[in-house]
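Residues 762 to 895 (my numbering) make up the sequence shown, in order.
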Amino acid sequence: MNCPFCDKENMRELVLFESKFTVVAMNPFPATKAHLLVVSKEHVGSITELSDEQCSDLFILAKKVASIIKEHLCPKGMNIFFNEGPIAGQTIEHVHLHVIPRNNGDGLKNFKRKAGERQLLREDDREMLKRIFA
Ligand SMILES: [Zn+2]
């Protein structure tokens, strides 16, 4: 297996702290300063493969990371997200959440679309969502 998050030698230099199921690591290729990764200790590709306990632990550490970054670096905002699957930009098939501090002029783009490009929620999609979550 060629997974950088499972490579203990690689992670030794990057891990900042850890809990029972999760590690917090520096991103060696940060999108912005202090771009951190919150990584499941178990090698699974999707958030849906984590137990509730693993998932809770991961989010608790994400909250801790966000709090520490806020307190010490005072960014204007943060992006906190998973990429799930190659189409969504997942490059390492091992569950990890990104915490990316944001500031004016950091060069990153948002998902925000121009007003004219926005689409209303379609009625059949609304019904489909209600049905699958019922
Ligand atoms: Zn892995």
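For every residue, glycine included, the Cβ atom is placed at its ideal position computed from N, Cα and C. Small disclaimer: the values here were computed from a predicted structure and weren't measured.
Distances from the CA of L869 to each of P765, E770 and N840 were compared; the closest alpha carbon is that of N840. Contact annotation: the region 770-785 touches the region 812-823, with at least three C-beta pairs closer than 8 Å.
In this structure, DSSP gives G877 a helical state, which the three-state scheme calls helix. For S780, there is no enclosing beta strand (DSSP E), as DSSP marks it with neither H nor E.
Exposed is the label assigned to A849, since fewer than 16 other Cβ atoms lie within 10 Å of its Cβ. Approximately 5 Å separates the beta-carbon atoms of K837 and N864; this is inside 8 Å, confirming the contact. Straight across, the Cα-Cα distance linking G806 with N844 is about 10 Å. Taking a contact as a CB-CB distance under 8 Å, the pair P862 and L834 counts as one, their CB atoms being some 6 Å apart.
For H857, the shortest separation between its Cβ and any heavy atom of ligand 1 does not lie below 7 Å. The beta carbons of V826 and L797 sit about 5 Å from each other, so the pair counts as a contact at 8 Å.
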